[in-house]
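Trainee: Protein chains in written order, with my numbering: chain A, 191 to 335; chain B, 58 to 721; chain C, 1437 to 1700; chain D, 3 to 132.
We put the CB at the ideal spot given by N, CA and C, even for glycine.
These numbers were taken from a predicted model, which means no experiment stands behind them.
This is the structure I have questions about; it appears just below.
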Amino acid sequence: MQINGEFKPLIVAFCCNWCSYAGADLAGNNRLAYPENVKIIKVPCSCRVNPMFILRAFQRGADGVIICGCHPGDCHYTSGNYYTRRRMSLLFSMLNFLGIEKERTRVEWVSAAEGAKFAATMNEFTEAVAALGENKRLEDLRCKR
Amino acid sequence: MQRIGVFVCWCGSNIAGTVDVKAVAEALKNEPGVVFSTDYQYMCSQAGQDIIKNAIKEHNLSGIVVCSCSPRMHEQTFRKTAQAAGLNPYMVEISNIREQCSWVHKDMEKGTEKAIILGKAAIAKVNLNAPLTPGESPVTKRALVIGGGIAGIQTALDIADAGFPVDIVETKPTIGGKMAQLDKTFPTLDCAACILTPKMVDAGQSDKIRIFSYSEVSQVKGFVGNFDVTIKKKARYVKEDLCTGCGLCTEKCPQKKVPNEFNLGMDNRRAIYIPFAQAVPKVATIDADYCTMLKSGKCGVCSKVCTAGAIDYTQKDEYIEEKYGAIVVATGYNPISMDKFDEYAYNQSKDVITSLEFERLTNAAGPTAGKLLRPSDNKHPHTIVFVQCVGSRCANCAEKGKEYCSKICCMYTAKHAMLTRDKYPDTDVYVFYIDVRTPGKSFDEFYRRAVEEYGVHYIKGMVGKIAPEGDVLKVQASDLINNKQIHIDADLVVLAAAIEPDKSARPLATMLTASMDTNDFFTEAHPKLRPVESPTAGVFLSGACQGPKDIPETVAQAGAAASKVIGLLAKDKLMGNPCVAHSNELMCNGCSSCERVCPYGAITYSDKEFRMPDRTVAIRRVASVNEAVCQGCGACTVACPSGAMDLKGFANNQIVAEVDAICK
Amino acid sequence: MKVTYFPGCTLRTKAKDLDKYARKCAEILDVTLEEPDDWQCCGGVFTTSRDEIATKLSSVRALKAASDKNQPLVTVCSTCHNVIKQTNYAMQNDEEFSSRVNNYLSKEENYDGSAKVLHYLELLRDTVGFDKVKEKVVKPLEGKKIAAYYGCLLLRPGKVMQMDDPENPTIMEDLIRALGAEAVVTPYRNECCGSYISLENPESCTKRSTKITKNVETYGADMILTACPMCKYNLEKYGSGVPVVYLTELLAEAFGVKEDENAK
Amino acid sequence: MQNKNSSLRDEIIRISGTNPRKCMLCGKCSATCPAFDGMDYAPHQFVNMIENGNIEPLLNSKSIYQCLSCFACLERCPRTVEPAKLIEAVRLSVIRKQGANHLKPDNIPALLDEDLPQQAIVSAMRKYNK
């Protein structure tokens, strides 16, 4: 996304309700800044994230997608984040093959206590995606305004 | 088309300081479906809630979006507000423009822009929301406790005390478990029987508690509040209702050479037996593996001496079906086998024993009537070596021991050493330890007393080899403080064997769809905050089946599990979470992918009849979700290849709509 | 049944009996021992370091010879067995090691880890079967009380040797019983006799061997059974005088093919 | 611990294929070692000293020639640290140096007796010499 001629990557962050969404709230409570272009979507568990959602985001112009879940072993639903880890490692390598660089996608474990980690992760991830430039590969031109 | 109202909160200056709330309300006015949009200083205040209620009625709203703080803060508040105005509470969406916008951004322009986008995403979602009603299910007001040790007994007593009926299922002929075998209990040294047997009697006499002894759970169906359980009552060849527990048969039975498991095989019992004097129920049991009558049809002595006519050689296993609202697992632990640790010569010498065997040797009701005599020659041992951590803290756990610390060994070894020195000051007692772990109330003081007052020799090091030679045990060990290898001629060696969950736990976990860790301990729903609940709703954990525990901890957990059960049984109906998975049967292709990923066993498959477009009837295998069991994680929705499985409240099209709104 | 047979250095010199009776008894049990033409000494000890390559090549060549014939590789000597089995395990489980070994060897000699290494005892137990051994006994060793002595190398490391429980083995005892004698279980049966320390430090060896044989005496055993020439030497020379016999000798005696010592 | 021995330490750990950090200081290796009496440094000290980079004393110790790789410590170590492999690695790092062979071939004839199995010489040569 270009803003005033400057590239600001659009990041979609899927956060699980129990750990990472609470972690994001904690970042807010502590006023830990991260870029405005990070937009959070709440899901009950990171394993709710269908690969389709990620493809859709890239198609619609997202520059990076990050999935945040509970730390391994801490999943509210016992094993959901393990599913996420497996599914996403497959999906990301396939996306990489398609030209969506591995750096544009990420799975990160953020607990409800890790507000600082959430903010730091978002800053770092945004920077990494910014370094890659705009996502062109999967962008659907018909969706362009 | 929905009729949506948008309510933008200022949160004083918390939001309004970084976000132009009026601009947000104005911008969202033109989104599809929005018929009303406003802003207010404090939406969560009574006045703010009134604005929402009035707008719902006035504009006949079918859904609302509140742009405010995190839903973790006030989602419930606004759902109640909506409900009060006649709107389904699940038609409310919160757009988090405080924690995730105004508080983390400083630029007014960019903050406002982001708030508008977040608002749009919420509106896009509400457009696709449908009213949801939580499912209701009745609660059977009866609890099942599996395992009749101190954990199970305490849980059952506490539940019964609250007025609910409880059944205890115990595989042994009596309740009491491991604690009944112990002599004294640390750190206060009260006698185990003195504090346990009154509880056993209470359980036996309570009109709320039924004890199924010599029984096993053979099948579990159903879900929280509505479990259908089949209990197998093994044939004990004695009519429980007639047997008075007089014990005459156990004295007259001619088969005297049956290893007595209660004394860990250190003496013998008869083929018909009552495990110990205070057994509950105090009913005899015939051991079919040894009874001559049952094996060859010749004998019948017990039947002849029984004046109550309780002996019944024709008894068969009996299956009992019962309904329960809650299940408590209290299957306990066992010491591990010492077969893989024969450097300690457990299989070569009778005088190398485990700590539990030592308990029996010092117990007044044990094989030596409480005198400390070593098993080989019934002589009083003068040098005793205790070896700690036998099989605990092993990294090569797959082949040999256990990776975890068994937790109770340091304390019971200190107890054994202290009691030995107390009763027999002429004995030398050595304890080989890696670390002495005593984190518990009055625990370290207890251990120090063993060292300082009772003169127990604690040696930092490990035993490497034990060689029986003549009537001594040659113990070769290390003394790490002095960098020495030391050799002790011992009369008795006691091994602190690691403990492991009972073998019945694994098949039981499968029946209950309750999860276990790699060591076969039951997993708790949350390691800190829900320590007595299993992740499977309605299944609770009590005692060492969840992890190594001493008696105080076990009793505390037993009470905690009971309180959770009481909380469940006190409800007449269970309100489910309406945000659960559901399957579109017309799209389902019967592949079982969802069933396999479900952590709760909430998905079942069945054959159903469908009318096909050509008016024929076809039978197809389709998935259906048990809404009372589903917890709404959504793992199945991603596994489903046909898109039949979806999650209410977080549907595929709703999330896609949010993605679209954000990426536009 | 044909197997590849690796006698090892000592069986050609000081432990000829161990070799001779192994061959004779195998014949009786319908097992043909085929000796590779050009085997080399295994080296006597297994060097555990992962960068020791050259010292293991002779074992690899023997393994290769067996794998080419699709036969198990059988040894009698505990030491050879230990070295070859550990080398085989490393070839199967340590990829870096196996590729370095194969780099040393010519292409035709490259070895893939497919051979199976058996001790003579395993051959008797698993391939022949102790039942069949029992059938062939013509002179049951009744009344003899025999203590099996495994030594250090026959069973350890248990994970690699996979022969029997390293702390509570039964394989030699089962053989003793199959031959009609009484097996005496003694605690030091899996402790080290001192091996080649006897070269440098005979006192240490005396201490260890005596500890073992004295202990055996307290159990009332008539003799000690071993598979290892080193153990036999140490226990006899540095021990307290309990006779030590090779397991193949004992087997031959029970099979009635043992030569009369005096007739020599 | 960073010191001048850290590269030697890393090398020893690498060729041994073990991880001394897994040691929980139980001392079972030293309890089980049949060669303990002849050792100036005990097996458990090897584990600890190697991990801490304190290797110099070990290079000059008698212990490295006393360990016969009977694998008792390796079998019984509850943490799979396997001290025998560490001792072997230290010994190798000594005898691989020039002139550092422990057993001189010239000395062997004096050690022989009539019944000595030749494997004793073979083994000793392999363990004590490069």
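Please compile the residues from chain D whose C-beta is within a distance smaller than 8 Å of the C-beta of residue 400 (chain B).
Mentor: Residues of chain D passing the Cβ test: 34, 78.
Trainee: Would you check if the distance between the CB atom of residue 406 (chain B) and the CB atom of residue 530 (chain B) is smaller than 9 Å?
Mentor: A contact, by the Cβ cut-off of 9 Å.
Trainee: Classify residue 1474 (chain C): buried if its beta carbon has 16 or more other beta carbons within 10 angstroms, exposed otherwise.
Mentor: With fewer than 16 Cβ atoms within 10 Å of its Cβ, residue 1474 (chain C) is classed as exposed.
Trainee: Do three or more CB pairs link the segment 601 to 617 of chain B to the segment 207 to 217 of chain B at distances below 8 Å?
Mentor: Enough Cβ pairs lie closer than 8 Å, so yes.
Trainee: At which residue ranges does the segment 215 to 267 of chain B contain complete beta strand (DSSP E) runs of 3 or more residues, listed in the order of the chain?
Mentor: The qualifying runs are 223 to 226.
Trainee: Per DSSP, residue 599 (chain B) forms a beta bridge with which residues?
Mentor: In the DSSP output, where bridge partners are listed per residue, residue 599 (chain B) has none listed.
Trainee: Verify whether the separation of the beta carbon atoms of residue 1687 (chain C) and residue 1569 (chain C) is less than 9 Å.
Mentor: Going by C-beta atoms, residue 1687 (chain C) is nearer than 9 Å to residue 1569 (chain C).
Trainee: With distances taken Cα to Cα, identify the nearest neighbour of residue 727 (chain B) among B:712, B:684, B:686, B:629.
Mentor: Residue numbering for chain B in the displayed model covers 58 to 721; residue 727 (chain B) lies beyond these limits and cannot be assessed.
Trainee: Out of B:237, B:560, B:687, B:553, which one is the CA nearest neighbour of residue 593 (chain B)?
Mentor: It is B:687 whose Cα lies nearest to the Cα of residue 593 (chain B).
Trainee: In angstroms, rounded to a whole number, what distance separates the CA positions of residue 1576 (chain C) and residue 1618 (chain C)?
Mentor: Roughly 11 Å separates the two Cα atoms.
Trainee: Taking Cβ to Cβ, would you say residue 327 (chain B) is nearer than 9 Å to residue 297 (chain B)?
Mentor: No, the Cβ-Cβ distance between residue 327 (chain B) and residue 297 (chain B) is not below 9 Å.
Trainee: Quick test of the definition: if touching needs 3 or more C-beta pairs under 8 Å, does the segment 363 to 377 of chain B touch the segment 427 to 445 of chain B?
Mentor: The segment 363 to 377 of chain B vs the segment 427 to 445 of chain B: no contact.
Trainee: Between residue 2 (chain D) and residue 504 (chain B), what straight-line distance do the alpha-carbon atoms span, to the nearest angstrom?
Mentor: For residue 2 (chain D) there is no data in the structure shown, the boundaries of chain D being 3 and 132.
Trainee: Using a Cβ-Cβ cutoff of 7 Å, what residues of the segment 1438 to 1462 of chain C are near chain D? List them in chain order.
Mentor: Of all residues in the segment 1438 to 1462 of chain C, 1445, 1446, 1449, 1450, 1451 have a Cβ within less than 7 Å of some Cβ in chain D.
Trainee: In this structure, does DSSP put residue 678 (chain B) in helix, strand or coil?
Mentor: Correct three-state label for residue 678 (chain B): strand.
Trainee: Please return the same chain residues whose Cβ sits closer than 6 Å to the Cβ of residue 574 (chain B), not counting the five positions on each side in sequence.
Mentor: The residues are 580.
Trainee: State the DSSP-derived secondary structure class of residue 405 (chain B), mapped to helix, strand or coil.
Mentor: If DSSP states are grouped into helix, strand and coil, residue 405 (chain B) belongs with coil.
Trainee: On the DSSP bridge assignment, give the partners of residue 549 (chain B) in chain order.
Mentor: B:441, per the DSSP bridge assignment.
Trainee: When the Cα atoms are used, what is the spatial distance from residue 1653 (chain C) to residue 1498 (chain C)?
Mentor: One C-alpha to the other measures close to 39 Å.
Trainee: I'd like to know whether the C-beta of residue 1631 (chain C) is nearer than 9 Å to at least one C-beta of chain D.
Mentor: Answer yes: the Cβ-Cβ gap between residue 1631 (chain C) and chain D drops below 9 Å somewhere.
Trainee: Is the segment 1626 to 1643 of chain C touching the segment 1540 to 1549 of chain C, taking contact as three or more C-beta pairs under 8 Å?
Mentor: These segments do not touch.
Trainee: Compare the C-alpha of residue 623 (chain B) against each of B:212, B:107, B:84 and name the closest.
Mentor: Out of B:212, B:107, B:84, B:212 has the C-alpha closest to the C-alpha of residue 623 (chain B).
Trainee: Does the distance from the CB of residue 684 (chain B) to the CB of residue 633 (chain B) come in under 9 Å?
Mentor: Yes, Cβ-Cβ distance for residue 684 (chain B) and residue 633 (chain B) is below 9 Å.
Trainee: With 9 Å set as the bound, which would you pick, yes or no: does the beta-carbon of residue 123 (chain D) sit closer than that to a beta-carbon of chain C?
Mentor: Interface residue, yes.
Trainee: Comparing alpha-carbon positions, which option in B:229, B:318, B:226, B:93 lies nearest residue 119 (chain B)?
Mentor: Closest option to residue 119 (chain B), Cα to Cα, is B:93.
Trainee: Assuming residue 298 (chain A) contacts residue 311 (chain A) (C-beta within less than 8 Å), just tell me the rounded distance between them.
Mentor: That pair is a contact at about 5 Å.
Trainee: Buried or exposed, going by whether 16 or more other CB atoms sit within 10 Å of the CB of residue 464 (chain B)?
Mentor: Buried is the call here.
Trainee: Could you tell me whether any Cβ in chain C is nearer than 9 Å to the Cβ of residue 12 (chain D)?
Mentor: Taking Cβ atoms only, chain C never reaches closer than 9 Å to residue 12 (chain D), which makes this a no.
Trainee: Helix, strand or coil for residue 511 (chain B) per DSSP?
Mentor: It is coil, neither helix nor strand.
Trainee: Do you know offhand how far residue 91 (chain D)'s Cα is from residue 44 (chain D)'s?
Mentor: Taking the straight line from one Cα to the other gives about 15 Å.
Trainee: Which term fits residue 251 (chain B), buried or exposed, when burial requires 16 or more other beta carbons within 10 angstroms of its beta carbon?
Mentor: Exposed, since its Cβ has fewer than 16 Cβ neighbours within 10 Å.
Trainee: Where do the ends of the beta strand (DSSP E) carrying residue 258 (chain A) lie?
Mentor: Per DSSP, residue 258 (chain A) belongs to the beta strand (DSSP E) from 254 to 259.
Trainee: Along chain B, in chain order, which residues have C-beta atoms closer than 8 Å to that of residue 46 (chain D)?
Mentor: Residues of chain B passing the Cβ test: 535, 537.
Trainee: Starting from the C-beta of residue 555 (chain B), find all residues in its chain whose C-beta is less than 6 Å away, skip the five residues before and the five after it, and write them out in chain order.
Mentor: Once the five neighbours on either side are set aside, the close Cβ partners of residue 555 (chain B) are 393, 448, 449, 458, 459, 463.
Trainee: I need the DSSP call for residue 643 (chain B), collapsed to helix, strand or coil.
Mentor: Residue state, collapsed to three classes: coil.
Trainee: Using the three-state DSSP reduction, which class does residue 195 (chain A) fall into: helix, strand or coil?
Mentor: Residue state, collapsed to three classes: coil.
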